[in-house]
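Undergrad: Provided herewith is a single structure, encoded as structure tokens, for subsequent inquiry.
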Amino acid sequence: MSGISSPILTTLRLKNPKLLLLEFCSCLSHLKIIHGHMIRTHSITDVFSASRLIAFCINPTFQSNLLTYAFSIFSQLENPNLFIYNALIQGFSASENPSQSLHFYTQLQSQGLFPDNITFPFLVKACTKLVSVYMGIQVHAQIIKHGLLNDVYVQNSVVHMYATFGDMKAARNIFRRMHRSNVVSWTSMIAGYSKCGDVKSARKLFDKMPEKNLVTWSIMISGYAKNSRFDKAVELFQVLQSEGVRANETVMVSVISMVKMSMKAVMKEMNQCNQDWDDGNAAGITVTGAVDSCSWRGRGRAVRGRGRAVGRGDTDSWSTYPPIISSCAHLGALELGEKAHEYVERNNLDVNLILGTALVDMYARCGCIEKAIRVFEGLPERDTLSWTSLIAGLALHGYAEMALKYFEEMVNTGLTPRDITFTAILSACSHGGLVEKGLEIFESIKIDYGIQPRLEHYGCVVDLLGRAGKLAEAEKFVLNMPIEPNAPIWGALLGACRIHKNAEIAERAGKVLIQLLPEHSGYYVLLSNIYARTNKWETAENMRNMMKLKGVKKPPGYSLIVMEGKVHRFTMGDKLHPEIEKIERMWEEILRKIRLAGYSGNTADALFDIDEEEKENALYRHSEKLAIAFGIMKTKAGTPIRIVKNLRVCEDCHTATKFISKVFQQELIVRDRNRFHHFKEGGCSCMDYW
DNA sequence: AGATTATAGC
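Those letters in the first sequence? Residues 971 to 1660, by my numbering.
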């Protein structure tokens, strides 16, 4: 030690000792050796040397244990100076415990010291992190009291604080009075407006500001994304490129998560609007309003927000059914995500932890689980979140065994799963029908990890038991939950009852649901269908009357497919597509071929108030069948066909698609309301369990 | 003597 101790002591007095120190003590034990040496040589009493040590400890790349170490060095000092206080305030402002910064502030004042322009940015940051409006105002007052409100750094931090609190009036107040506002000030304002949902004002500033940098671009793009203005986000990224700006990792994370969020938004809308609807099940109830069959749109307009008038070929139903609008957005999403990924590779950007996770998530949600896995495998480092993204993706695609494999691998690397990790792995188990394993993991949440299971986890278990047909157990589980079951939990039970045709439990669950959410249309239909199936015609009729009374409307079932850059939309029994005759002939052809291969139309899932012939007619006109026929018509064997459907795939369509994948030697990837189905060689990735 | 503000994956 003595050999290197003198150079260390010299480095303590060098211009940039942090870097050199970093080489010398890359871990805590080395730090302790140095600290010990300094105590023995009494150089610790030198406030400047001590301050170097503390400055080293608060380096944000280290975890909090070095912060506590810094505190222990500090507490042994007799006369800490302002630099040391500032360092500690800085360190804790970025930690899990920012209120410590405020504590040091009062302490430095009681020592007779005065805060300076370095103190306040960190103090303000602490208030921002604490989301304490009260303390923020106090600190603001202190800044004025010490006459430091004309410092740009201080001003910027205060503007950022008020913007984070959503108090744009206060933020603007400071911002307007700044003499030397810079990119940071403008960017904080933009972030604040986006956070309040006022993207218009944000964009106004963005266009007006004298100079922008990549942080600004990133914030503006993600601001659009967070406010579901995906069209605007895409447009802005194009502006960035046209201006010859080279994006960095952060900007690309914003772009890629925007792609994924547009997809997520679609799924959310589908779930809210279409819950518990099924093509077959819902038929027989009159659809109000005209439904158009397809619409044409160029790539550039594929992504747009809800509730807007849409281009030519559209009818009123676009505004009536917002989910349709953004579903079109989703289909372009994969293409967009791939372009963003190409951009990353072309520009040699570093696929770091965050960018990598964003890519994994994006690919999984857009239907390319293989690419998601490939990106994940290539990551230089992984944390709980990146593992979780992959596991959730595998769950979405029904690869339960693989999800389990990765889950175990993750635990083996010593990472601790989080609540969202459990949601992901439990949903994988439920999609894959791995009941025992799922229950085992559910138990381990509390026992092995000491995490209190959340409602979503209970929901997963209900789903797990329900899908597997263990309805009585599922009901018992719901009734014995330690937390009050909410609508999605009862909904999972009801959904399971539908799959397994259990009218008795369905009735009980349905009644609770109608009480919890009386305006929710889907439950009436579900109950009505279940009554019909069990020949309780009168009760079924009652349900349907109740719906009419409540003005419940059926959202149309539809399937989307992208062909030659255009989104084609098909609805059940479509007649309006320009090529409908060719498509119908194609379907007849497909039907003939798959029947030769052993397919026989299945009518079990069908309607209760029409005769057999009509049943089959309605069945084979399910929207995805038309979309598939169109896809087969337009592509060569070997080309994967991607289809998105807003409802759950019905059993007959599922069987037919399996046959098609074999007979036509084409892979079909169908995204339904809940998950992805990969049809290949006559089988489906869901193993007929969905 | 020294350093600081705005950004990304759930």
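All residues carry an ideal CB built from backbone N, CA and C; glycine is no exception.
A quick note: this is a predicted structure, and the numbers were derived from the prediction, not measured.
If I follow the unbroken beta strand (DSSP E) through Met-1533, where does it start and stop?
TA: 1528-1533 is the span of the beta strand (DSSP E), which, as asked, contains Met-1533.
Undergrad: How about Val-1129 and Met-1159: do their beta carbons lie closer than 8 Å?
TA: yes
Undergrad: Looking only at its own chain, which residues have a Cβ that is under 7 Å from the Cβ of Phe-1145, when we skip the five neighbours before and after it?
TA: Val-1129, Ser-1151, Ser-1155 and Met-1159
Undergrad: Could you round the C-beta distance between Trp-1460 and Leu-1483 to whole angstroms and report it? I think they count as a contact, below 8 Å.
TA: At roughly 5 Å, the Cβ-Cβ gap stays under 8 Å, so Trp-1460 and Leu-1483 are in contact.
Undergrad: Hey, would you say Ser-1188 sits closer than 8 Å to Val-1153, going by beta carbons?
TA: no
Undergrad: With 16 other CB atoms within 10 Å as the buried threshold, where does Arg-1010 fall?
TA: exposed
Undergrad: Secondary structure at Tyr-1291, three-state DSSP: helix, strand or coil?
TA: Low local confidence applies: a pLDDT of 29 at Tyr-1291 is under 50, so the model's placement there is unreliable, with the coordinate-based value given in what follows. Tyr-1291 falls in the coil class under three-state DSSP.
Undergrad: Tell me the residue span of the alpha helix (DSSP H) that contains Phe-1634.
TA: No alpha helix (DSSP H) holds Phe-1634; DSSP gives it neither H nor E.
Undergrad: Am I right that His-1490 and Met-1542 are in contact with their C-beta atoms under 8 Å? What's the rounded C-beta distance?
TA: Contact doesn't hold; Cβ gap of about 22 Å is too wide.
Undergrad: Spatial neighbours of Asn-1505 within its chain, please: C-beta separation below 6 Å, excluding the five flanking residues on both sides.
TA: none
Undergrad: Apart from the five residues just before and just after Ala-1567, which ones in its own chain have a Cβ nearer than 6 Å to its Cβ?
TA: Phe-1629 and Val-1633
Undergrad: Return yes when the C-beta of Leu-1329 is under 7 Å from any heavy atom of the ligand MG, and no when it is not.
TA: As for the ligand MG, it is missing from this structure, which has no ligand bound.
Undergrad: Just the C-alpha distance for Arg-1142 and Ala-1161, rounded to the nearest angstrom, thanks.
TA: 12 Å
Undergrad: The beta strand (DSSP E) that contains Val-1640, what's its start and end?
TA: 1638-1641
Undergrad: To the nearest whole angstrom, what separates the beta carbons of Val-1204 and Leu-1306, a pair I think is in contact under 8 Å?
TA: 7 Å
Undergrad: In angstroms with no decimal places, state the Cα-to-Cα distance between Leu-1463 and Leu-1487.
TA: 15 Å
Undergrad: If you measure between the beta carbons of Asn-1035 and Leu-998, is that distance less than 8 Å?
TA: yes
Undergrad: If I measure Cβ to Cβ from Ser-1227 and keep anything under 8 Å in the same chain, skipping five residues before and after, which residues do I get?
TA: The beta carbon of Ser-1227 sits closer than 8 Å to those of Ser-1192, Ala-1195, Ala-1328, Asp-1331 and Met-1332, all from its chain and outside the five residues before and after it, given in chain order.
Undergrad: Among Ala-1334, Glu-1413, Arg-1562 and Ile-1531, which one has its Cα closest to the Cα of Met-921?
TA: Past the boundaries of the shown model lies residue 921; the chain is included only from 971 to 1660, so the question cannot be answered.
Undergrad: How about Met-1683 and Thr-1157: are their beta carbons less than 8 Å apart?
TA: No statement about residue 1683 is possible, as the shown extent of the chain runs from 971 to 1660 and does not include it.
Undergrad: What separation, rounded to the nearest whole angstrom, lies between the Cα atoms of Lys-1604 and Val-1640?
TA: 17 Å
Undergrad: Going by DSSP, what residues sit across from Val-1614 in a beta bridge?
TA: Leu-1530 and Arg-1641
Undergrad: In the DSSP assignment, what residue or residues form a beta bridge with Phe-1540?
TA: Per the DSSP secondary-structure output, Phe-1540 pairs in a beta bridge with Ser-1529.
Undergrad: Going by CA-CA distance only, name the one from Ile-1113, Trp-1660, Val-1124 and Lys-1095 that's closest to Thr-1134.
TA: Lys-1095
Undergrad: Under the assumption that Ala-1394 contacts Thr-1358 (Cβ atoms under 8 Å), give the Cβ distance between them as a whole number of angstroms.
TA: 5 Å
Undergrad: State the start and end residues of the unbroken beta strand (DSSP E) segment that holds Phe-1646.
TA: 1646-1650
Undergrad: Run the CB neighbour count on Lys-1174, radius 10 Å, all protein chains shown included, and call it buried at 16 or more, exposed below.
TA: exposed
Undergrad: Note down the Cα distance separating His-1110 from Leu-1118, rounded to an integer number of angstroms.
TA: 10 Å
Undergrad: According to DSSP, is Met-1657 helix, strand or coil?
TA: coil
Undergrad: Assess contact between the stretch 1051-1065 and the stretch 1026-1035, defined as three or more Cβ pairs (one per stretch) separated by less than 8 Å. Is contact present?
TA: yes
Undergrad: Let me check understanding here. Comparing Cα to Cα, which of His-1007, Ile-1043, Cys-1623 and Thr-1627 lies closest to Pro-1610?
TA: Of His-1007, Ile-1043, Cys-1623 and Thr-1627, the residue nearest in Cα terms is Thr-1627.
Undergrad: Buried or exposed: which applies to Lys-1238, given that a residue is buried once 16 or more other Cβ atoms fall within 10 Å of its Cβ?
TA: exposed
Undergrad: To the nearest angstrom, how far is the alpha carbon of Ala-1253 from that of Glu-1637?
TA: Interpretation of Ala-1253 is limited by its pLDDT of 26, a score under 50 that renders its predicted location unreliable; the figure taken from the coordinates is listed afterwards. Computed Cα separation, rounded: 29 Å.
Undergrad: Name the residue from Tyr-1428, Asn-1456 and Ile-1453 whose alpha carbon lies nearest to the alpha carbon of Glu-1443.
TA: Tyr-1428
Undergrad: Can you give me the Cβ contacts of Ala-1025 inside the same chain, cut-off strictly under 6 Å, excluding the 5 residues immediately before and after it?
TA: Ala-1057
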